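Following: one structure in structure tokens, then a few remarks.
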Amino acid sequence: MEKVNKTSSVSEFILLGLSSQPEDQTALFILFLTMYLVTIIGNLLIILAIHSDPQLQTPMYFFLSFLSFTDICFTTTVVPRMLVNFLSEKTISYTGCLTQMYFIYALGSTDSCLLVVMAFDRYVAICDPFHYVTTMNHHRCVLLVAFSCSFSHLHSLLHTLLLNRLTFCDSNVIYHFLCDIKPLLKLSCSSTFVNEIMIKSEGSVVLVTPFLCITFSYIKIFITVLKIPSAAGKRKAFSTCGSHLTVVTLFYGSIFYVYLQPLSTYTVRDHVATLAYTVLSSMLNPFIYTLRNKEMERGLKKLMARRKS
């Protein structure tokens, strides 16, 4: 039997974006350029404030600085491509599409892992404060960040390699604003059985396990905080968790909606949820951590004061 050539005949894809109406493109360009600039500036300020203020040299803010850096990279993977599509050609090369998908998954998974690490940090700080310094030492913090990045890139590489083996020989139009795995699978004219199995098994574990770890950590935290006799002590303990819980809710709420549903039900309606975890979450993180965190707010004020002097 003659061996079938599995090389994709599609050399590029067309990203339809958020709207196909020409009159919407300029307004969308301005909106997302503004959101992108706010994201970059806000997260850069968080990083600079943490690294310039000795009082913020703690594990919690160490992880927050990496979360902000990941958010900058995550948004940069998505938004510049969107901006180009709004004003010019909507095409993206086959290699460029897979590259974008790789970094979206790698950086998104890194975000998820860092949120777990930050939950663990809060768990140790509140539930086992006497061993906090030894448990969350600098060496262990670096290892946790390194594991988060390595694991996330391996997870992304697996899905990218599995997608690269597929054949795309029919339509090359992606009804999305980015190269995501589900709309790409719907375009394939070869069997996607292995890819779908991996999304449902390994992919679900990568999403569900971190969420369950965070949930378990906060159940233990709430039980411990409720045992604190003073109301002021309870408020202080909860204040260190409020920002993180808000980010977790926004991130996982939107990402579960997109990925934990059957491939056949994936439609354009999922664009809003995808925007929430790829763009909106990264933009709001600096505001959430600043407005609900007095130490972070003080650090930013010190940074601004030094810039003015």
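Residue numbers (our numbering): 280 to 588.
C-beta: ideal position from N, C-alpha, C; glycine also.
Just so we're clear, the structure is a prediction, and the values are computed from it rather than from any experiment.
Does the beta-carbon of S372 have 16 or more other beta-carbons within 10 angstroms, so that it is buried, or is it exposed? Start at 1 with the first residue of the sequence shown, and residue 372 comes out as number 93. Exposed is the call here.
Apart from the five residues just before and just after L393, which ones in its own chain have a Cβ nearer than 7 Å to its Cβ? Residue 393 sits at position 114 when you count from the first residue of the sequence shown. Excluding residues up to 5 positions away in sequence, F342, F345, L346, T349 and S427 lie with their Cβ nearer than 7 Å to the Cβ of L393 in the same chain.
Burial state of G532, where buried means 16 or more other Cβ atoms lie within 10 Å: Counted from its first residue, the sequence shown places residue 532 at position 253. It is exposed - the Cβ of G532 has fewer than 16 other Cβ atoms within 10 Å.
Strictly by DSSP, which residues pair up with S372? Locating residue 372 in the sequence shown gives position 93, counting from the first residue. Per DSSP, E291.
For the alpha helix (DSSP H) containing L323, list its first residue and its last residue. As a first step, residue 323 must be located in the sequence shown, where it is residue number 44. DSSP places L323 in the uninterrupted alpha helix (DSSP H) bounded by P301 to S331.
Minimum Cβ-Cβ distance from R360 to chain B less than 7 Å: Judged by its chain identifiers, the structure shown contains no chain B, having just a single protein chain.
Span of the alpha helix (DSSP H), counted from its first residue to its last, around C428: Mapped onto the sequence shown, residue 428 falls at position 149. Secondary structure note for C428: its alpha helix (DSSP H) is the uninterrupted segment H417 to N443.
Using a 10 Å radius around the Cβ and a threshold of 16 neighbouring Cβ atoms, would you call T489 buried or exposed? In the sequence shown, residue 489 corresponds to position 210, counting from 1. The residue you asked about is not Thr; residue 489 is Pro in the sequence shown. P489 should be labelled buried.
Taking the alpha carbon of C468 as the point to measure from, which residue in Y454, K461 and C448 has its own alpha carbon closest? Residue mapping note: residue 468 aligns to position 189 of the sequence shown, counting from 1. It is C448.
Taking Cβ to Cβ, would you say L297 is nearer than 7 Å to F399? Within the sequence shown, numbered from 1, the residue matching residue 297 stands at position 18. Within the sequence shown, numbered from 1, the residue matching residue 399 stands at position 120. No.
Taking only three categories from DSSP, how would you classify I453? Within the sequence shown, numbered from 1, the residue matching residue 453 stands at position 174. Residue state, collapsed to three classes: strand.
Does DSSP put D400 in a helix, a strand or coil? Position 121 of the sequence shown, counted from the start, is the residue given in the question as residue 400. Taken through DSSP and simplified to helix, strand or coil, D400 comes out as helix.
Considering only their Cβ atoms, is the gap separating M562 from M314 smaller than 7 Å? Taking the sequence shown and counting its residues from 1, the one referred to as residue 314 is at position 35. Taking the sequence shown and counting its residues from 1, the one referred to as residue 562 is at position 283. Yes; because the gap between Cβ atoms is below 7 Å, this pair is in contact.
Can you name the start and end residues of the alpha helix (DSSP H) that K499 belongs to? Position 220 of the sequence shown, counting from 1, holds the residue named residue 499. S483 to L505 is the extent of the alpha helix (DSSP H) around K499.
Can you name, in chain order, every residue of its own chain whose Cβ lies under 7 Å from the Cβ of N443, other than the five neighbours on each side? Here residue 443 refers to the residue found at position 164 of the sequence shown. Closer than 7 Å at the Cβ level, and outside the excluded window around N443, lie L377.
In whole angstroms, what separates the C-alpha of F365 from that of Y454? Here residue 365 is taken as the residue at index 86 of the sequence shown, counted from 1. Here residue 454 is taken as the residue at index 175 of the sequence shown, counted from 1. Between F365 and Y454, the C-alpha separation is close to 14 Å.
Would you decide whether I502 is buried or exposed? Buried here means 16 or more other CB atoms lie within 10 Å of its CB. Sequence index remark: in the sequence shown, residue 502 carries index 223 (1-based). Under this definition I502 is an exposed residue.
So, helix, strand or coil for C468, using DSSP? The residue you call residue 468 lines up with position 189 of the sequence shown. Correct three-state label for C468: coil.
Could you have a look at G240 and say whether DSSP puts it in helix, strand or coil? No answer is possible for residue 240: the residues shown for the chain start at 280 and end at 588.
Do you know offhand how far K465's Cα is from V289's? Walking along the sequence shown from the start, residue 465 turns up at place 186. Walking along the sequence shown from the start, residue 289 turns up at place 10. Rounded to the nearest whole angstrom, the CA to CA distance from K465 to V289 is 14 Å.
Euclidean distance between Cα positions of I326 and C492: Numbered from its first residue, the sequence shown carries residue 326 at position 47. Numbered from its first residue, the sequence shown carries residue 492 at position 213. C-alpha separation (whole angstroms): 26 Å.
CB of M361 to nearest heavy atom of the ligand GTP: below 6 Å? Ligands in the displayed structure: none, and consequently the ligand GTP is not present.
In its own chain, which residues sit with a C-beta less than 7 Å from the C-beta of V537, not counting the 5 before and 5 after it? In the sequence shown, counting from the first residue as 1, residue 537 sits at position 258. Excluding residues within five positions, the ones whose Cβ falls inside 7 Å are D549, A552 and T553.
Where does K285 sit, in a helix, a strand or coil, going by DSSP? By one-based count along the sequence shown, residue 285 stands at place 6. Model confidence at K285 stands at a pLDDT of 43, short of 50, so the residue's coordinates are unreliable; what they give is reported in the following sentence. Residue state, collapsed to three classes: coil.
Classify S429: buried if its beta carbon has 16 or more other beta carbons within 10 angstroms, exposed otherwise. The count along the sequence shown starts at 1 and reaches residue 429 at position 150. Exposed is the call here.
CB-CB under 6 Å to G578, same chain, minus the five flanking residues each way: which ones, in chain order? Counting from 1 along the sequence shown, the entry for residue 578 is found at position 299. A328, D332 and L335.
Could you check the C-alpha separation between L362 and V558 for me, to the nearest Å? Position 83 of the sequence shown holds residue 362. Position 279 of the sequence shown holds residue 558. L362 and V558: Cα-Cα distance of roughly 13 Å.
Please classify A268 as buried or exposed, where buried requires at least 16 other C-beta atoms within 10 Å of its C-beta. Nothing can be reported for residue 268: it is not among the residues displayed for the chain, which extend from 280 to 588.
Exposed or buried, which one is N572 when buried takes at least 16 other CB atoms within 10 Å? By 1-based counting over the sequence shown, the position of residue 572 is 293. When all chains shown are included, N572 counts as buried.
Reference L437, options E574, I500, D390 and N474, closest by Cα: Counting from one through the sequence shown, the residue named residue 437 turns up at place 158. It is N474 whose Cα lies nearest to the Cα of L437.
In whole angstroms, what is the alpha-carbon distance linking K506 and N564? Within the sequence shown, residue 506 is the residue found at index 227, counting from 1. Within the sequence shown, residue 564 is the residue found at index 285, counting from 1. So the two alpha carbons sit approximately 30 Å from each other.
I'd like to check one pair, I351 with I320: are the Cβ atoms closer than 7 Å? Locating residue 320 in the sequence shown gives position 41, counting from the first residue. Locating residue 351 in the sequence shown gives position 72, counting from the first residue. The Cβ atoms of I320 and I351 do not sit closer than 7 Å to each other.
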